Amino acid sequence: MTDTDVAPESNGADTEEPGIRILAQFIRDLSFENPRAPETLRTQSAGQPQIDMGVEMNARGREDGLFEVDLKLSARATREDGPVFHVELLYGGVFQITGVAPADIEPVLLVECPRFLFPFARRVIGDVTSDGGYPPFLLDPIDFAGVYAARKAGGEIQGPAMGNA
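So this is what it looks like as structure tokens:
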């Protein structure tokens, strides 16, 4: 290509590269329950607790053209003799999304944006369980695309309206 070559004319609408920017991230709500402490802290030799996990994603547009995305993670640990701990985190972010067609915005908000938030939310849960007297509970990576696809197939997500996923 030489300096005199000219790119095909465009109206400017198709030239914007897709992009995601995190403008803010924050803890919206955090709860840690340690109902049987200190007894459960002394009986850690009683074996690994059973962990029940929960994952929810929620997204909404804002009047300023930005998007808020919430990632809700919960973990409930129990042993045969009762509950060990329960942690629930609602971690949010404000995103600027450019160059994405309106038909494709939902998967971006409910798959890609939670993927950006997850490492930070994972650290918060690890820290709070450690502060609660347990070894840090480090969540395994989550397949947000799989969660989104399963919930969409199950009818929990309908069309372009974004809510809990």
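Per this note's numbering, residue -10 is the first one in the sequence shown, and the count goes up by one each step.
We put the CB at the ideal spot given by N, CA and C, even for glycine.
The structure presented is a predicted model; accordingly, all values stated were derived computationally and were not measured.
Which of helix, strand or coil DSSP assigns to GLY121: DSSP places GLY121 in the coil class of the three-state scheme, outside both helix and strand.
Residue of VAL44, PHE56, GLU57 minimising C-alpha distance to ARG65: Looking at the Cα atoms, VAL44 is the closest of the given residues.
Beta strand (DSSP E) segment containing GLU28, residue limits: Careful: GLU28 lies outside any beta strand (DSSP E), inside the alpha helix (DSSP H) at 28 to 31.
Exposed unless 16 or more other CB atoms sit within 10 angstroms - verdict on GLY152: Residue confidence is low: GLY152 scores 48 on pLDDT, short of 50, so the model does not pin down where it sits. Its coordinate-derived value is still stated next. Its Cβ having fewer than 16 others within 10 Å, GLY152 is exposed.
Cβ contact (3+ pairs, closer than 8 Å) linking the stretch 86 to 106 and the stretch 20 to 39: The stretch 86 to 106 is not in contact with the stretch 20 to 39.
Range of the contiguous alpha helix (DSSP H) that encloses PHE133: Unbroken alpha helix (DSSP H) run through PHE133: 133 to 142.
Selected residue, minimal CA-CA separation from PHE109, among PHE15, ALA134, ARG51: It is PHE15 whose Cα lies nearest to the Cα of PHE109.
GLY121 to GLU6 span [Cα, whole Å]: Using only the alpha carbons, I get a separation of about 45 Å.
Residue range of the beta strand (DSSP E) that includes PRO72: Going by DSSP, PRO72 is part of the beta strand (DSSP E) stretching over 71 to 87.
Of the listed residues ASP93, GLY88, THR118, nearest to ALA155 (C-alpha basis): Coverage of the chain is limited to positions -10 through 154, which leaves residue 155 absent and any answer about it impossible.
Whether PHE84 touches ILE131 by CB criterion (8 Å): No. Outside cutoff.
Element boundaries [beta strand (DSSP E), containing PHE21]: Residues 8 to 22.
8 Å Cβ cutoff met for PHE126 and GLY115: Against a cut-off of 8 Å, the Cβ pair of GLY115 and PHE126 comes out as a contact.
Residues that LEU60 bridges to, as DSSP identifies them: Looking at the DSSP assignment, LEU60 forms a beta bridge with MET46, TYR80.
Backbone CA spacing between THR67 and PRO38 [nearest angstrom]: A straight-line Cα-Cα distance of about 5 Å links THR67 and PRO38.
Assigned exposure category for ALA48 - 16 Cβ within 10 Å defines buried: Buried: at least 16 other Cβ atoms inside 10 Å.
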